[in-house]
Amino acid sequence: MRSIPSSSLSRRGLLGLGAAAAAGAALSACGGPAPGKSGGKGGSGSLRMITPIFDRSDGQQLLESLLADFKKANPGVSVQADYTSYDKLNEKLTTAIVGGTPYDVMLMGVGWIPPFVKKGVLADLGTSESALAKIYNPRVLQAGIYEGKVYARPIVLDTRIGIYRKDILAEAGIDAPPKNLTELKEMAKELTVRKGGELQRTGLDILSNDLRQTFLPIMWAHGADLFKDGKPAFDSPEAVAALQWMTDIIRKDRIEDYGFTQKGAVTAPLIQGRAAMMIGHNDMWRQLKDSAPQLIEEDKVGGFLLEQARPALFQGGTLATMSAKTKSPEAAKKLVEFLSGESVSPKAAEQRGNIPAVLSAADSAYVKGDKLVAFAMDNLDHAFSEGGVPSWLEIREEFKPAIESALTGKASASEALQSLADKANQIIAKDS
């Protein structure tokens, strides 16, 4: 599955940014001002951009074609694209920033904006949330806004949703997906198959997806939040109930066993028929097309929302930003607007199996032909994104071991999240 990480900036990368700030090499104390006519060379200039979402050969060909269109409309602008993957994006960004030669336009993940703004890397795009709400779903915009200013515009989105095999449910006499998490667990118990104690089919696969990205939508569905007023809120009673719900899947109800599935496996258990339902990436449709197209042809796979106190889905994605240090701010802003606009967003999404960020793509042939993408796009009003504090990219690294400690019985759900919140508070205090 081609997942877009919500953030991959490592602790080492953060330290690199901090060193640059201390040295005054590339960073100021806060995000840069909005581009203005007096700030650059008009609409001309030579731009360097870095992208992690056009890294395959077909993606590179697509972007080169799109950039040719951009250059025709902006003859005074040249663009040099640096193609990379999300795994290497952090290293390249940090090297460029510390070296004093940041890219003019940077594509980065959800959750990256606050830390990069705090380090003075990103420029205010000089537009308003209300203006952009005409182009994008308002909830999608939040990942690019920090302290009331817009620093990034979305290009493509990816979600984590409930996915189910209609045929497996039908065999058990179930004609609709679960309406809430209570029903989901009861249904999963019924659909789980063991022989001689050995798991043959899990009723609900929660291990194929990244554990943090599985826990968060369950947490949001329980009514909990990540942060409130800049402080951890993921140790609230609602969040503890969410982690307990996950823990019971493994330890109490024995719906799934560790080792039954692995994150990033070539073919997901749901496709193999070894899972009746899962919490997973909308890109599962792409895997279905490659591995089991008959399941699409026979309409055997569908999506459902995770709901308890409220409906929720996890929304990540890739955003377009511009450097606060660019020598051609007007040209860089034009490129950001182009990459996140209605002509590029749908094409960028289709080549990766992701969701276009622009509202106008909802009626496109691509979206209509991918039922999981269409389902996610129809439910973006219930989307939640991770991040929200400048220290998030360091805090997020602590989630997986905390969740695993509960799932493996090394700590209670309450103990795991309290310990996680304590570590988060220490990180926030250190960075303040």
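Numbering (this note's numbering), first residue to last: 22 to 453.
Positions of the beta carbon are idealized from the N, C-alpha and C atoms, including for glycine.
Just so it is clear, the structure is predicted and the values come from calculations on it, not from any experiment.
Counting of Cβ neighbours within 10 angstroms places Y279 among the exposed residues, the total staying below 16.
DSSP lists T180 as the bridge partner or partners of Q336. A297 is the residue among A297, L228, E328 and K368 whose C-alpha sits nearest the C-alpha of T213. The criterion of a C-beta distance shorter than 7 angstroms is satisfied by L340 and G165. Residue burial is scored here from C-beta neighbours: D399 has fewer than 16 other C-beta atoms within 10 angstroms and is therefore classed as exposed. Between A345 and G80, the gap from beta carbon to beta carbon reaches 7 angstroms or more.
Between L247 and F255, the C-beta gap is smaller than 7 angstroms, which places the two residues in contact.
For G338, the number of other beta carbons within 10 angstroms of its own is at least 16, and it is reported as buried. Taking 4 residues as the shortest admissible run, the segment 114-179 contains the following complete alpha helix (DSSP H) segments, listed from N- to C-terminal end: 134-139, 150-153 and 159-162. Inclusion of A260 and A333 in the CB contact set at 7 angstroms is not warranted, their separation being larger than that value. Taking every protein chain shown into account, the CB of K252 has fewer than 16 other CB atoms within 10 angstroms, so this residue is exposed. Residue pairing by DSSP places A102 opposite M70 in a beta bridge. Membership of E207 in the alpha helix (DSSP H) is indicated by the continuous run L202 to L212. DSSP places E425 inside the alpha helix (DSSP H), whose first and last residues are F420 to L428. When Cβ pairs closer than 8 angstroms are counted between the two stretches, the segment 213-223 is seen to touch the segment 287-302, the count reaching three or more. Rounded to the nearest whole angstrom, the CA to CA distance from I118 to A352 is 20 angstroms. Between the alpha carbons of I156 and E418 lies a distance of about 33 angstroms. Taking the CA atoms as reference points, K113 sits about 9 angstroms from P123. For R272, no beta strand (DSSP E) run applies; the uninterrupted alpha helix (DSSP H) run containing it begins and ends at P258 to R272, by DSSP. Boundaries of the beta strand (DSSP E) around F325: V322 to F325. Listed as beta-bridge partners of K252 by DSSP are K249. According to the DSSP secondary-structure assignment, A296 is paired through a beta bridge with T223.
Y107 carries a helical assignment under DSSP once its states are collapsed to helix, strand and coil.
Contact annotation: V177 and A397 have beta-carbon atoms that are not nearer than 7 angstroms.
Per the DSSP secondary-structure output, H302 pairs in a beta bridge with R181. The C-alpha of E436 is placed about 42 angstroms away from the C-alpha of S149.
The C-alpha of Q447 lies about 47 angstroms from the C-alpha of S385. Per the Cβ contact rule, the segment 427-444 is not in contact with the segment 357-376 (fewer than 3 Cβ pairs under 8 angstroms). Taking A313 as the centre and dropping the five residues before and after it, the same chain places the C-beta of I292 closer than 6 angstroms to its C-beta, in chain order. In the structure shown, the three-state DSSP call for V379 is strand. In the DSSP assignment, K354 falls within the alpha helix (DSSP H) that extends over P350 to L360.
When only Cα atoms are considered, G64 and N95 end up about 7 angstroms apart. Here the segment 179-195 lies against the segment 319-336, with 3 or more beta-carbon pairs under 8 angstroms apart. Exposed is the label assigned to D402, since fewer than 16 other Cβ atoms lie within 10 Å of its Cβ. Linking F420 to K187 through their CA atoms gives a straight-line distance of about 32 angstroms. Under the three-state reduction of DSSP, S344 is assigned to strand.
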